[in-house]
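Engineer:
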Amino acid sequence: MMGVNDMETVRCQLNRLEEKDLDEVFRLFSNERVRQYLGGTIDEQAFRGKFQALLTDETSWYWVVRLKHHNDFIGLVSLDKHHDQVSTEVSYQLLPEAWGQGVATEVIQKMINYAFEELSIARLVAETQSANLASCRLLEKVGMKLEQTVERFGAEQKIYKIDGNEK
């Protein structure tokens with residue numbers, strides 16, 4: 004796996020995922036509001052297995068997101084293989100207390116720039132349930148364009164894309 008760096012935005016610090024982050028990241032995976040459009044919550048035992056997979060995945064990059072001024076954990080962001088096994092997907096989960104403040108826009112824009120400029124990834128996708136209107140708006144706001152709509156995981160999904168030469 005190519006080395007990844009810690010990063011920051013105006014309000015957030017993004018640090019590579021580490022073992023010590025387990026309890027905070029579990030807060031995301033056990034939060035019904037966060038997981039509403041992400042397949043639902045998972046129990047702690049299932050999460051521990053998933054967390055170990057995230058830590059050892061050689062084809063993906065994961066960062067925990069913290070607010071700079073208080074060092075409060077607010078989410079997880081990643082660049083990983085999309086379901087098509089070809090594209091790189093930018094994914095994100097933030098705790099509800101971080102919603103509606105522009106933090107996600109800041110973080111996703113940073114991830115897009117990092118993917119194109121530092122990792123030389125030519126194209127990024129993001130997939131969200133069509134019903135997740137806030138996520139659809141976010142992806143459009145950071146310059147992603149709707150590429151297709153598919154039925155997956157029992158719901159309609161929108162797949163957005165952005166190419167390095169479009170940003």
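Each residue of the sequence shown is one higher than the one before, counting from 4 in the numbering used here. Glycine included, C-beta positions come from ideal geometry on N, C-alpha and C. Note that the structure is a prediction, hence the values are computed from the model and not measured.
(1) For R36, collect the residues of the same chain with a Cβ closer than 8 Å to its Cβ; drop the 5 residues on either side in sequence, then sort them by chain order.
(2) Below 9 Å between beta carbons: does that hold for R140 and K164?
(3) In the region 60-148, which residue ranges form an unbroken alpha helix (DSSP H) of at least 4 residues, counting only runs that do not cross its ends?
(4) Out of E121, E22, V110 and A134, which one is the CA nearest neighbour of R14?
(5) Tell me whether D87 is buried or exposed, calling it buried when 16 or more other Cβ atoms sit within 10 Å of its Cβ.
(6) Report buried or exposed for D24, applying the criterion of at least 16 other Cβ atoms within 10 angstroms of its Cβ.
(7) Since I45 sits in a beta bridge, which residues does DSSP pair it with?
(8) If you draw a straight line from the alpha carbon of N116 to that of S90, how long is it in whole angstroms?
(9) Kindly indicate which three-state DSSP category Q16 falls into: helix, strand or coil?
(10) Answer yes if the region 39-47 comes into contact with the region 71-79, meaning at least three C-beta pairs across the two stretches below 8 Å, and no otherwise.
(11) On the DSSP letters alone, give me the boundaries of the beta strand (DSSP E) that E159 sits inside.
(12) Does Q55 come out as helix, strand or coil in the three-state DSSP assignment?
Structural biologist: With the structure as the only source:
(1) For this step, residue 36 is matched to residue 33 along the sequence shown. These residues qualify, in order along the chain: P99.
(2) Position 137 of the sequence shown, counted from the start, is the residue given in the question as residue 140. Position 161 of the sequence shown, counted from the start, is the residue given in the question as residue 164. At the C-beta level, R140 and K164 stay beyond 9 Å of one another.
(3) Fully enclosed alpha helix (DSSP H) runs of 4 or longer: 106-120 and 136-144.
(4) By one-based count along the sequence shown, residue 14 stands at place 11. Answer by Cα proximity: V110.
(5) Residue mapping note: residue 87 aligns to position 84 of the sequence shown, counting from 1. An exposed status is given to D87, since fewer than 16 other beta-carbon atoms sit within 10 Å of its beta-carbon.
(6) Residue 24 sits at position 21 when you count from the first residue of the sequence shown. Looking at its Cβ environment, which holds 16 or more other Cβ atoms inside 10 Å, D24 is buried.
(7) Residue 45 sits at position 42 when you count from the first residue of the sequence shown. Paired residues: none, contrary to the question.
(8) Position 113 of the sequence shown holds residue 116. Position 87 of the sequence shown holds residue 90. Those two C-alpha atoms are separated by around 16 Å.
(9) In the sequence shown, counting from the first residue as 1, residue 16 sits at position 13. Strand, per DSSP.
(10) Look at the beta carbons and you see the region 71-79 not touching the region 39-47: under three pairs across the two are nearer than 8 Å.
(11) Residue 159 sits at position 156 when you count from the first residue of the sequence shown. Looking at the DSSP string, the run of the beta strand (DSSP E) that includes E159 is A158 to D166.
(12) By 1-based counting over the sequence shown, the position of residue 55 is 52. If DSSP states are grouped into helix, strand and coil, Q55 belongs with the helices.
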